[in-house]
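Engineer: Residue numbers (the numbering used here): 6 to 378.
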Amino acid sequence: MEKKMFRSGRVLTVLTCIILAVMSAFFAMLIAGIISRSVSGKEISEADNYGDFVYLDAEYLTTSFATDEEGNEYLFASGKKGDSWYDYIVSVPETVYNSDEFQKKIAEDSDDASPLRIKGTLRQTDSDLDALAQDAYTIYAGLDSGENAADYLGNVCLVYSASGNALSDISAGLWIALAFMALMIVLWIVEIIGLIRRQRKKDRKIAGAKKLLETSADYQNGVKQTSETDARHFKNCRCYVTRDYVVSYQDGLEVFRIDQIRELYGYDKQRYHAILSFVFGAFAGFSMEHYLVAITADGEVHQFARLNAAVKPHSQIAGAILLKNQSIVLGRMDLTLSAAGQTPDDLNLAKVKGFYGSTDIWTGRSMNSFGIE
C-alpha cells in the first residue's frame, strides 16, 4: 500500500523528456538543413532539379564566350570533385565578370590557386546557348569533330546570385512550416522544463511525506484507515476518504483531517501536452484539468483529485467529505451545503454557483496567507 502511494512517475517523466528532446532535435535539424541549403546551397554535382540553389568551387575560369541582351556574360568554369574534373557553363552579370576577383581567377593558370566559390541557381540551357557553347567548348576543350559539348557540359547553366543565398526563393508556405516547427521546438523545450520542475517538486513532496509518515500521527492514522472497510477509494483520482482523513497519493502522499477542512472548492487549470499536439495537431495538446481544493484550519491549501474530463467523481468525493463535516463552505461564494440546496448523497458540484474557477487557488480567500502543500 505504502509503495503505491510513493510512486514518483520518474520513469515516465524521463521517457517523455527523451521523446520531446528527440523531436526537438529532429525539427531543429530540418530547419537547419533547409536554411543551410538556402544559404550555402548544394554542391553543383549533387543538384537534383533545375531551380536548385547550388555552388561551384571553380578551379579555372575562361573568358566570356557569349553575352545576352541583359549584359550577362557566359563562360566555362572547371571544378574538381575527388580525382575527377567537371566543366560547367556559368552566367554572371557584366559587373561581376569585370570584377578584380573574377578577372584574377580568369588570368590564373596554377593548380595551387584557391578555388573561387560561385553561388547561383541551376537553370536549363536553351538551344541558342547550346549552339554557342558547342562552338566555344570545341575550341576550349579540343573536341574532335562530331563530339557533342553537352556530353561534357550537360544542358545546365549556373546563373550567378548576387545575394549569395536563396532565402528570397523560399515560398511563403515553407516559411510558415519553418515558423511552425520553430514554435513547436519552443513549446517542447518549455514542456521539458515544466516536466523536470514538476518532477522535482513531486520528488520533494514524496521525500517530505516519507518523513511525515514516520513522525506524524495523522499521516500514520490516515494511511492505516485506508484499509478499513468503510474507506472510500476513488481510483481515478488516486484518493481515499476515510473515517477521519482525506488521503491523496496522486502527486505524492498528502494526508489531512476532514474535521479541519474549512473551505472546499474547485480549481481549473489549462495544461499543454506536447506529445498529443504533435500526434493529433497543435490544438489537441491543450486540455483543462480540474482539481478539488481544501483549505484547512491551519491555513494550508490542499490541491488534490485531479481530473481531465468528467467531474462527477468530484461530487462523490465532496459528498463523502461533507457527510463527515457539513460545516464546510463551498465555492467562491462561501455557500454552506444547505444554502446551495444540496445534500451529500446527491451532491452536484456543477450546480453549486461559483464552485469551479480558474483563479489562483489562494486568491480572494478569507485568510491573508496560505501555505501551499
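Positions of the beta carbon are idealized from the N, C-alpha and C atoms, including for glycine. All values reported here derive from a predicted model rather than from experimental measurement.
So, with DSSP's three-state summary, where would you put phenylalanine 436?
Structural biologist: Past the boundaries of the shown model lies residue 436; the chain is included only from 6 to 378, so the question cannot be answered.
Engineer: Can glutamate 78 and valine 97 be called in contact, C-beta distance under 8 Å?
Structural biologist: Taking the first residue of the sequence shown as 1, we reach residue 78 at position 73. Taking the first residue of the sequence shown as 1, we reach residue 97 at position 92. The answer is yes: Cβ separation under 8 Å.
Engineer: By the three-class DSSP mapping on this structure, what secondary structure does alanine 236 have?
Structural biologist: Start at 1 with the first residue of the sequence shown, and residue 236 comes out as number 231. If DSSP states are grouped into helix, strand and coil, alanine 236 belongs with coil.
Engineer: Measuring alpha carbon to alpha carbon, tell me which residue in Arg237, Ala177, Leu188 and Tyr254 is nearest lysine 207.
Structural biologist: Looking up residue 207 in the sequence shown gives position 202. It is Tyr254 whose Cα lies nearest to the Cα of lysine 207.
Engineer: Leucine 218 and valine 228 - do their beta-carbons sit closer together than 8 Å?
Structural biologist: The sequence position of residue 228 within the sequence shown is 223, counting from 1. The sequence position of residue 218 within the sequence shown is 213, counting from 1. Yes.
Engineer: On the premise that tyrosine 91 lies in contact with serine 50, defined as a C-beta separation below 8 Å, what is that separation, rounded to the nearest angstrom?
Structural biologist: Mapped onto the sequence shown, residue 50 falls at position 45. Mapped onto the sequence shown, residue 91 falls at position 86. Indeed they touch by this definition, with Cβ atoms about 6 Å apart.
Engineer: Assuming valine 334 and leucine 340 make a contact with CB atoms under 8 Å, what is their CB distance in whole Å?
Structural biologist: Against the sequence shown, residue 334 aligns to sequence position 329. Against the sequence shown, residue 340 aligns to sequence position 335. Between leucine 340 and valine 334 the Cβ distance is about 6 Å, and since that is below 8 Å, they are a contact.
Engineer: Tell me which same chain residues have a C-beta within less than 7 Å of the C-beta of glutamine 129, skipping the five on either side of it?
Structural biologist: Translated into positions along the sequence shown, residue 129 becomes position 124. Once the five neighbours on either side are set aside, the close Cβ partners of glutamine 129 are Tyr55, Asn160 and Val161.
Engineer: So the alpha helix (DSSP H) tyrosine 142 belongs to, where does it begin and stop?
Structural biologist: Working through the sequence shown from its first residue, we reach residue 142 at position 137. It spans 132-146 - the alpha helix (DSSP H) in which tyrosine 142 sits, taken as one unbroken run.
Engineer: Among residues of its own chain, excluding the 5 on either side of methionine 293, which ones have a beta-carbon nearer than 8 Å to its beta-carbon?
Structural biologist: For the purposes of this step, residue 293 is taken as the residue at position 288 of the sequence shown. Counting only Cβ-Cβ distances below 8 Å, and skipping sequence neighbours, we find Asp273, Lys274, Gln275, Arg276 and Asn313.
Engineer: If you follow the beta strand (DSSP E) that cysteine 162 is in, where does it begin and where does it stop?
Structural biologist: As a first step, residue 162 is located in the sequence shown; it is residue number 157 there, counting from the start. Looking at the DSSP string, the run of the beta strand (DSSP E) that includes cysteine 162 is 161-165.
Engineer: Could you have a look at methionine 338 and say whether DSSP puts it in helix, strand or coil?
Structural biologist: Locating residue 338 in the sequence shown gives position 333, counting from the first residue. Correct three-state label for methionine 338: coil.
Engineer: For glycine 369, which residues of its own chain have a beta-carbon under 6 Å away from its beta-carbon, when the five flanking residues on both sides are left out?
Structural biologist: Looking up residue 369 in the sequence shown gives position 364. Confidence is the limiting factor: at glycine 369 the pLDDT is only 45, short of 50, which leaves the residue's position unreliable, though a coordinate-based value still follows. For glycine 369, where only same-chain residues beyond five positions count, there are no Cβ hits under 6 Å.
Engineer: Could you check if methionine 189 is buried or exposed, using at least 16 other CB atoms within 10 Å of its CB as the buried criterion?
Structural biologist: The residue labelled residue 189 in the question sits at position 184 within the sequence shown. Burial call: buried.
Engineer: Is any non-hydrogen atom of the ligand ZN found closer than 7 Å to the C-beta of cysteine 244, if you look at the structure I gave you?
Structural biologist: The ligand ZN is not among the ligands present in this structure, which contains no ligands whatsoever.
Engineer: What separation, rounded to the nearest whole angstrom, lies between the Cα atoms of glutamate 233 and serine 320?
Structural biologist: Translated into the one-based positions of the sequence shown, residue 233 becomes position 228. Translated into the one-based positions of the sequence shown, residue 320 becomes position 315. Going by the C-alpha atoms only, they are around 22 Å apart.
Engineer: Let me know if glutamate 99 comes out buried or exposed under the rule of 16 or more other beta-carbons within 10 Å of its beta-carbon.
Structural biologist: By 1-based counting over the sequence shown, the position of residue 99 is 94. Flag for glutamate 99 reads exposed.
Engineer: Given a threshold of 16 other Cβ atoms within 10 Å of its Cβ, counted over all protein chains shown, does glutamine 108 qualify as buried or as exposed?
Structural biologist: Taking the first residue of the sequence shown as 1, we reach residue 108 at position 103. Counting Cβ neighbours within 10 Å, glutamine 108 comes out exposed, since fewer than 16 surround it.
Engineer: Rounded to whole angstroms, how far is the Cβ of glutamate 64 from the Cβ of glycine 84, which I believe are closer than 8 Å?
Structural biologist: Here the question's residue 64 lines up with position 59 in the sequence shown. Here the question's residue 84 lines up with position 79 in the sequence shown. Their Cβ separation, rounded to whole angstroms, is 6 Å, which keeps glutamate 64 and glycine 84 in contact under 8 Å.
Engineer: Quick one, which of Thr67, Gly213 and Leu258 has its alpha-carbon nearest isoleucine 144's?
Structural biologist: Taking the sequence shown and counting its residues from 1, the one referred to as residue 144 is at position 139. Ranking Thr67, Gly213 and Leu258 by Cα distance to isoleucine 144 puts Thr67 first.
Engineer: Straight-line CA distance for lysine 86 to leucine 80?
Structural biologist: For the purposes of this step, residue 86 is identified with residue 81 of the sequence shown, where counting begins at 1. For the purposes of this step, residue 80 is identified with residue 75 of the sequence shown, where counting begins at 1. When rounded, the distance between both Cα atoms is 20 Å.
Engineer: Out of curiosity, what's the CA-to-CA distance linking alanine 236 and valine 252?
Structural biologist: Translated into positions along the sequence shown, residue 236 becomes position 231. Translated into positions along the sequence shown, residue 252 becomes position 247. Whole-angstrom Cα-Cα distance: 10 Å.
Engineer: Can you check the stretch 44-95 for any beta strand (DSSP E) of at least 3 residues that lies completely inside it and give the ranges in chain order?
Structural biologist: The qualifying runs are 58-66 and 78-86.
Engineer: Just checking my contact of threonine 301 with glutamine 265 at CB under 8 Å: how many whole Å lie between their CB atoms?
Structural biologist: Start at 1 with the first residue of the sequence shown, and residue 301 comes out as number 296. Start at 1 with the first residue of the sequence shown, and residue 265 comes out as number 260. Contact flag correct, Cβ pair sits at about 4 Å.
Engineer: Just verifying my parser: in three-state terms, what is the DSSP assignment at glutamine 5?
Structural biologist: Since the first residue shown for the chain is 6 and the last is 378, residue 5 is missing from the structure and cannot be characterised.
Engineer: From which residue to which residue does the alpha helix (DSSP H) around tyrosine 254 run?
Structural biologist: Locating residue 254 in the sequence shown gives position 249, counting from the first residue. Run containing tyrosine 254: none; DSSP gives neither H nor E here.
Engineer: If you draw a straight line from the C-alpha of arginine 311 to the C-alpha of cysteine 242, how long is it?
Structural biologist: Position 306 of the sequence shown, counted from the start, is the residue given in the question as residue 311. Position 237 of the sequence shown, counted from the start, is the residue given in the question as residue 242. The straight-line gap from Cα to Cα measures roughly 6 Å.
Engineer: For valine 306, does the count of other Cβ atoms within 10 angstroms reach 16, so buried, or fall short, so exposed?
Structural biologist: In the sequence shown, the residue the question calls residue 306 occupies position 301. Valine 306 comes out buried.
Engineer: Put leucine 217 into one of helix, strand or coil per three-state DSSP.
Structural biologist: Taking the sequence shown and counting its residues from 1, one reaches residue 217 at position 212. The answer is helix: DSSP assigns leucine 217 an H, G or I state.
Engineer: For alanine 345, which residues of its own chain have a beta-carbon under 7 Å away from its beta-carbon, when the five flanking residues on both sides are left out?
Structural biologist: Here the question's residue 345 lines up with position 340 in the sequence shown. Around alanine 345: Leu335 and Val357.
Engineer: Name the residue from Glu113, Gly76 and Gly324 whose alpha carbon lies nearest to the alpha carbon of tyrosine 102.
Structural biologist: Counting from one through the sequence shown, the residue named residue 102 turns up at place 97. The residue with the shortest Cα to Cα distance from tyrosine 102 is Gly76.
Engineer: Are alanine 138 and leucine 158 closer than 8 Å when you measure CB to CB?
Structural biologist: If you number the sequence shown from 1, residue 138 lands on position 133. If you number the sequence shown from 1, residue 158 lands on position 153. Result yes, Cβ atoms of alanine 138 and leucine 158 sit closer than 8 Å.
Engineer: With distance defined between alpha-carbon atoms, name the residue in Ser13, Ile36 and Gln347 nearest to alanine 182.
Structural biologist: Within the sequence shown, numbered from 1, the residue matching residue 182 stands at position 177. Checking every option, the nearest Cα to that of alanine 182 belongs to Ile36.
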